[in-house]
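K.L.:
Residue numbers (my numbering), protein chains in the order written: chain L, 204 to 396; chain C, 104 to 785; chain E, 2 to 114.
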Amino acid sequence: MSAAVEETSMGIDNRKLGMWVFLGSEFMFFGAFITAYLLYLNTTAGGPDGEIFDIVYTSISSFVLLMSSLTMVLAHNAHVHGDMRRMRLWILATALQGLVFVGGQAYEFTKFVNEGLVPTGSPFASAFFVLTGFHGVHVTVGVILLLGLWSYSHTGKVKSDQPLKTEIIGLYWHFVDIIWVIIFVVVYLIPWG
Amino acid sequence: MATTTAPPQTKSRSLLSRPTALDGFKGYLATTDHKKIGIMYFWSVLVFFFFGGVASWVIRAQLAVAENTLVNEEIYNQAFTLHGLTMIFLVVMPLGAAFFNYLIPLQIGARDVAFPRLNAFSFWTFLFGGLFLYSSLFFQAVPNGGWFGYAPLSTQIPGNNMAFYAVGLQIVGIASLSAAVNFITTILNMRAPGMEFMRMPVFIWMSLITNFLLLFALPIIAAALFMLNGDVVFGTQFFQPATGGDPILWQHLFWLFGHPEVYIMILPAMGIVSEVMPTFSRKPLFGYTAMVFAGVAIGFIGFGVWAHHMFTSAVGPIGRVAFGMTTMFIAVPTGIKIFNWVFTMWGGKVRFTPAMLFSVGFVSMFTIGGLSGVTHAIVPHDAQQTDTYWVVAHFHYVLFGGALFGLVSGIYYWFPKVTGKLLDETLGKWHFWTWLIGFNLTFGPMHMSGLLGQPRRTAVLPAELGPDVVLYNRLSTAGVAVLTISALIFLSNLITSLRSGEASGDDPWDARTLEWMTPSPTPYVNFHEIPTVTARDEFWERKYAEAEDGVVRPVPAGASQDHGDPAPVGDTATVEGTGNANAVPDDIAVTEDVALAKVTSDDHGGNPDAAGDAEHHIHMPDPSYWPLISCVGFIPLGYGLAFASPTLIALGALWLLIGMFGWILEPVAEGDDDYDPDVVHA
Amino acid sequence: MADTATEATSDVAVENDHHEPTPREYVQIAAALAVMTAMEFSTYFIDFGLLSTPLLLVLMAIKFVMIAGFFMHLKFDTRVFRQLMLLGLGGALTLYLAATLALHEFPAGTGLG
Numbered sequence: 204m205s206a207a208v209e210e211t212s213m214g215i216d217n218r219k220l221g222m223w224v225f226l227g228s229e230f231m232f233f234g235a236f237i238t239a240y241l242l243y244l245n246t247t248a249g250g251p252d253g254e255i256f257d258i259v260y261t262s263i264s265s266f267v268l269l270m271s272s273l274t275m276v277l278a279h280n281a282h283v284h285g286d287m288r289r290m291r292l293w294i295l296a297t298a299l300q301g302l303v304f305v306g307g308q309a310y311e312f313t314k315f316v317n318e319g320l321v322p323t324g325s326p327f328a329s330a331f332f333v334l335t336g337f338h339g340v341h342v343t344v345g346v347i348l349l350l351g352l353w354s355y356s357h358t359g360k361v362k363s364d365q366p367l368k369t370e371i372i373g374l375y376w377h378f379v380d381i382i383w384v385i386i387f388v389v390v391y392l393i394p395w396g
Numbered sequence: 104m105a106t107t108t109a110p111p112q113t114k115s116r117s118l119l120s121r122p123t124a125l126d127g128f129k130g131y132l133a134t135t136d137h138k139k140i141g142i143m144y145f146w147s148v149l150v151f152f153f154f155g156g157v158a159s160w161v162i163r164a165q166l167a168v169a170e171n172t173l174v175n176e177e178i179y180n181q182a183f184t185l186h187g188l189t190m191i192f193l194v195v196m197p198l199g200a201a202f203f204n205y206l207i208p209l210q211i212g213a214r215d216v217a218f219p220r221l222n223a224f225s226f227w228t229f230l231f232g233g234l235f236l237y238s239s240l241f242f243q244a245v246p247n248g249g250w251f252g253y254a255p256l257s258t259q260i261p262g263n264n265m266a267f268y269a270v271g272l273q274i275v276g277i278a279s280l281s282a283a284v285n286f287i288t289t290i291l292n293m294r295a296p297g298m299e300f301m302r303m304p305v306f307i308w309m310s311l312i313t314n315f316l317l318l319f320a321l322p323i324i325a326a327a328l329f330m331l332n333g334d335v336v337f338g339t340q341f342f343q344p345a346t347g348g349d350p351i352l353w354q355h356l357f358w359l360f361g362h363p364e365v366y367i368m369i370l371p372a373m374g375i376v377s378e379v380m381p382t383f384s385r386k387p388l389f390g391y392t393a394m395v396f397a398g399v400a401i402g403f404i405g406f407g408v409w410a411h412h413m414f415t416s417a418v419g420p421i422g423r424v425a426f427g428m429t430t431m432f433i434a435v436p437t438g439i440k441i442f443n444w445v446f447t448m449w450g451g452k453v454r455f456t457p458a459m460l461f462s463v464g465f466v467s468m469f470t471i472g473g474l475s476g477v478t479h480a481i482v483p484h485d486a487q488q489t490d491t492y493w494v495v496a497h498f499h500y501v502l503f504g505g506a507l508f509g510l511v512s513g514i515y516y517w518f519p520k521v522t523g524k525l526l527d528e529t530l531g532k533w534h535f536w537t538w539l540i541g542f543n544l545t546f547g548p549m550h551m552s553g554l555l556g557q558p559r560r561t562a563v564l565p566a567e568l569g570p571d572v573v574l575y576n577r578l579s580t581a582g583v584a585v586l587t588i589s590a591l592i593f594l595s596n597l598i599t600s601l602r603s604g605e606a607s608g609d610d611p612w613d614a615r616t617l618e619w620m621t622p623s624p625t626p627y628v629n630f631h632e633i634p635t636v637t638a639r640d641e642f643w644e645r646k647y648a649e650a651e652d653g654v655v656r657p658v659p660a661g662a663s664q665d666h667g668d669p670a671p672v673g674d675t676a677t678v679e680g681t682g683n684a685n686a687v688p689d690d691i692a693v694t695e696d697v698a699l700a701k702v703t704s705d706d707h708g709g710n711p712d713a714a715g716d717a718e719h720h721i722h723m724p725d726p727s728y729w730p731l732i733s734c735v736g737f738i739p740l741g742y743g744l745a746f747a748s749p750t751l752i753a754l755g756a757l758w759l760l761i762g763m764f765g766w767i768l769e770p771v772a773e774g775d776d777d778y779d780p781d782v783v784h785a
Numbered sequence: 002m003a004d005t006a007t008e009a010t011s012d013v014a015v016e017n018d019h020h021e022p023t024p025r026e027y028v029q030i031a032a033a034l035a036v037m038t039a040m041e042f043s044t045y046f047i048d049f050g051l052l053s054t055p056l057l058l059v060l061m062a063i064k065f066v067m068i069a070g071f072f073m074h075l076k077f078d079t080r081v082f083r084q085l086m087l088l089g090l091g092g093a094l095t096l097y098l099a100a101t102l103a104l105h106e107f108p109a110g111t112g113l114g
């Protein structure tokens, strides 16, 4: 129920509170997969290990995702000021960058499979693919939400004085970006040896 | 009794319009009313409890005789796995959810939860998950790896049994997680004016803590179940020793969830007992602040004890010391609560209604279970006790003697609130005593047989354990027969009281909290006017106050709702009829725009058809089919994940996505197109 | 559009985002994030020896805090949101660190399986 915010106990919108509560739980979800990955860093069953990563490639796609957080926040800012044209532009830019990221991952995964790293090959492989795969699923869901937001801002379902809707999707998007900030360092960059 | 009618149409209706009918079967399918949802949880639980009980009959029949050949090992493994899964995930947890649903908005003075459609979604998801799990019967693939699913055994059992386990639990997990988001938001953000945190009923506190536990524990098991699903069905290597997989990873992830899980099961019952005991002792709860902080402590420490389930696994000596200590620590706040319940009764005017009997039963049986639990904290003891029936005795004392006794107490206590009728008191007492005797007869002897070495999860009772062990098992089996009779007594009480139970009145127990201020059965809008809270036990404060001479007297009818000024000395006004500050005055009307229950003139003299006075416009959440429609997507998704069918998985995911968009897009019945300007950029 | 919560009910005063960053400031923050990412990336080419891992973790943490604080608005919003995030994050860090330590006591493949 979106009751008027003044009537709530904490003076905040239920939906925003709900999103933050949900995001708190997502740390636990990704943490489990990161733990499994850290356990299996060297458990490669004779197959490829972290040497297979293409750091340059991944850095580029990480940068794209990072910048998508900027366009997201610019979209929200535009919405707050009632500028729906700009909002739509930035939302589309965000979604596009998300698609580039996911597309990049799909390509990366295909390359790895061709080079002998398959999800069923070893604990390391399973942990890697499932961790980054679930992150990719989260990005995809985010892209769908963004495209929905973009489209409904046309139809009037999302109005110019309702920036909260953009803000809440933004919170989800930034969270997904933060998880990648962690994964990028923990999985790809840290020289675990 | 409130009736409902469809509102006059304010815009043309089409297939995609928001439903407005609230009656009958469709009313339940499309409901977003927390009370109806709570009732649906309740009846589902009764059905699952029956099936969980049938599984226990199989177990006890097999163990009634040494070297029995009644069922083979495969059937036995399925029986104890399904028994555990059912009782934990399809009985105790959803029964707690039933209480959360019905009571949380009422006890905090709200009209519904924060996200009513999400609430409905939680219920339907739970139901679909439970049905999915049980559909394994039709595939002859009932989960058989224990409720704890230890890998790699669980990943290597031939067949899809553990795929049903992984996917079924995943689905019910989603139900509980979405409910947790809902209830946390509701409790934090939708309390009535004046209801500060330290004025909330203890049940609300325990519910808040439980839902935080759910919020943080469920994602862990969700991740673990995806890994298990991967290994069982898709060939991943998370737990396969041949490629270097670590079985202990499963154990850590499972118990990181599994231990908070048991506190998730017990805290709601503790909350219920904390409401029942003060009412039937006519005394406030002893040590409210300590109760709250003890509950919070249990929540936090509960996340720190998980490896006590792994003392005999490869966790190392440091791990054992650490977790042994934390396990001992958690006994402290638990003990505080026990003492406080006892002190609540001490010096009070105690009435032993069935609700009170079950609460007293809770305190005593849970204490016994807690004592055997403390023995597990001592690592060398645990090394002897683990995998024996001593453990089975322990957890049944805390879960059955504890959680179930407490939840049943709640059923007796709030039945009048839900139905406006009383459960028969004589049958209730018969239920209690047979339940208590049957329970102790079943699980008491297990302490002894466990210490004498009877192993858990073993289909055949070895004769070499000796005739005493065989005797104890026979007693346990006899106990189950008594429990079955007891359950039938309860069922018959439930049904006859629903049909022709004595009218309870609004406040049959002379209770203390907000939900009793409103009529029984609860009106659709919960409160005709949201009360302003000025104290803990607000309702009690309005009914009674301490006069100058220090004597507590009832406050006369019509006394200030906000201050509950004490009656002058010598006033003999009674509380009869005063309690309900929510009786509908004639001038409060309810709008026609939105489908609402209309209060008939029979019970409250309200004027149901008056055109809405804008100031008293009560906006209730509209019903919706989309939660149910969305949940249908779990069917292809679930079977796709269990049978490795990408097509079904894609179909299910697509269905859920469409459901989500239908949900987001559906208009409000009033036709204002969900217009909701953000007044505050919060 | 600024507003405050009613006195009787609010446990936490609503902090209005009178410091809401301007688009220009957002770009500056993004530029800082990009620079830090470049620094992280550089560890692939430059061997910082024992400093590599701490450096990467620190950079990661700073990026986390900046995204959460500015983009997700935690710096300006009511502290409830920050508390919820810290509860989840803190819980995850503590629990999974403990589990990782316990798991590494007996590494996989040491023949205990």
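Beta carbons: idealized from backbone N, C-alpha and C, even for Gly.
1. Among E:Met86, E:Ala32, E:Pro24, which has the Cα closest to the Cα of E:Gly70?
2. Using a Cβ cut-off of 8 Å (strictly closer), state whether L:Met270 contacts chain C.
3. Tell me whether C:Thr520 is buried or exposed, calling it buried when 16 or more other Cβ atoms sit within 10 Å of its Cβ.
4. Is the Cβ-Cβ distance between L:Pro382 and L:Phe233 less than 8 Å?
5. What's the C-alpha gap between C:Val628 and C:Phe145?
6. State the DSSP-derived secondary structure class of C:Lys524, mapped to helix, strand or coil.
7. List, in order along the chain, the chain E residues whose C-beta lies closer than 7 Å to that of L:Phe230?
8. Return the CA-CA distance between L:Phe387 and L:Val379, expressed in angstroms with no decimal places.
9. Is C:Asn629 close to chain L? Criterion is C-beta to C-beta, closer than 8 Å.
10. Using the C-alpha atoms, what's the distance from C:Glu618 back to C:Trp302?
11. Using a cut-off of 8 Å between C-beta atoms, extract the partners of L:Ile371 located in chain E.
12. Straight-line CA distance for C:Ser552 to C:Trp538?
13. For chain L, check one thing: does any of its Cβ atoms lie closer than 8 Å to the Cβ of E:Leu58?
14. Considering only heavy atoms of the ligand FAD, does any lie closer than 7 Å to the CB of C:Leu591?
15. Where do the ends of the alpha helix (DSSP H) carrying L:Trp376 lie?
16. CB L:Met231 to CB C:Phe315, shorter than 8 Å?
17. What are the start and end residues of the alpha helix (DSSP H) that includes C:Trp308?
18. Does the beta-carbon of L:Trp167 have 16 or more other beta-carbons within 10 angstroms, so that it is buried, or is it exposed?
19. Name, in chain order, the residues that DSSP records as bridge partners for C:Tyr647.
20. Could I get the ranges of all uninterrupted beta strand (DSSP E) runs contained in the stretch 140 to 181 of chain C, with 3 residues as the minimum, in chain order?
21. Please confirm if C:His412 has its CB atom under 8 Å from at least one CB of chain A.
22. So, do the stretch 147 to 155 of chain C and the stretch 164 to 176 of chain C have three or more beta carbon pairs nearer to each other than 8 Å?
23. What span of residues does the alpha helix (DSSP H) with E:Pro55 cover, start to end?
24. For C:Met428, count the other beta carbons within 10 Å of its own beta carbon; 16 or more makes it buried, fewer makes it exposed. Which is it?
25. Could you list which residues in chain E have their beta carbon closer than 7 Å to that of L:Leu241, in chain order?
26. So which residues on chain L does E:Ala35 lean against when the C-beta distance must stay under 8 Å?
27. Output, in sequence order along the chain, the residues in the stretch 384 to 417 of chain C whose CB is closer than 7 Å to any CB in chain E.
28. For chain L, find out if any of its Cβ atoms is closer than 8 Å to the Cβ of E:Lys76; answer yes or no.
29. Taking Cβ-Cβ distances shorter than 7 Å, what residues in chain L pair up with C:Ala638?
30. I need the straight-line Cα distance from C:Phe229 to C:Leu317, nearest angstrom please.
31. Can you look up C:Thr599 in the DSSP assignment and give me helix, strand or coil?
32. Is C:Phe319 close to chain E, meaning its C-beta is less than 8 Å from at least one C-beta of that chain?
33. If you drop the 5 nearest sequence neighbours on each side, which residues of the same chain put their C-beta closer than 7 Å to that of C:Val585?
34. Near L:Trp376, what residues of its chain come up, given a Cβ to Cβ distance below 6 Å and the 5 sequence neighbours on each side ignored?
35. Pull up the distance between the alpha-carbon of L:Ala328 and that of C:Gln354, whole angstroms please.
36. Quick test of the definition: if touching needs 3 or more C-beta pairs under 8 Å, does the stretch 520 to 531 of chain C touch the stretch 562 to 575 of chain C?
P.N.:
Judging by the given coordinates:
1. E:Met86
2. no
3. According to the sequence displayed, residue 520 of chain C carries Lys and not Thr. Classification for C:Lys520: buried.
4. It should be pointed out that residue 382 of chain L corresponds to Ile in this sequence rather than to Pro. For L:Ile382 and L:Phe233, yes; Cβs fall inside 8 Å.
5. 21 Å
6. strand
7. Gly89, Leu90, Ala93
8. 12 Å
9. no
10. Rather than Trp, the amino acid found at residue 302 of chain C in this sequence is Arg. Taking the straight line from one Cα to the other gives about 14 Å.
11. In chain order: nothing, as chain E lies at least about 11 Å away.
12. 22 Å
13. yes
14. Only the bare structure without any ligand can be found here, which leaves the ligand FAD out of the picture.
15. 366 to 386
16. no
17. 305 to 332
18. Nothing in the structure corresponds to residue 167 of chain L, since chain L is present only between 204 and 396.
19. C:Pro657
20. none
21. Note that chain A does not occur in the displayed structure, where the protein chains are L, C and E.
22. no
23. 53 to 67
24. exposed
25. Thr101
26. Phe266, Leu269, Met270
27. Phe406, Ala410, Ala417
28. no
29. By Cβ distance, chain L contributes nothing, its closest Cβ being about 17 Å from C:Ala638, past 7 Å.
30. 14 Å
31. helix
32. yes
33. Thr537, Ile540, Gly541, Leu544
34. Met275, Gly345
35. 21 Å
36. no
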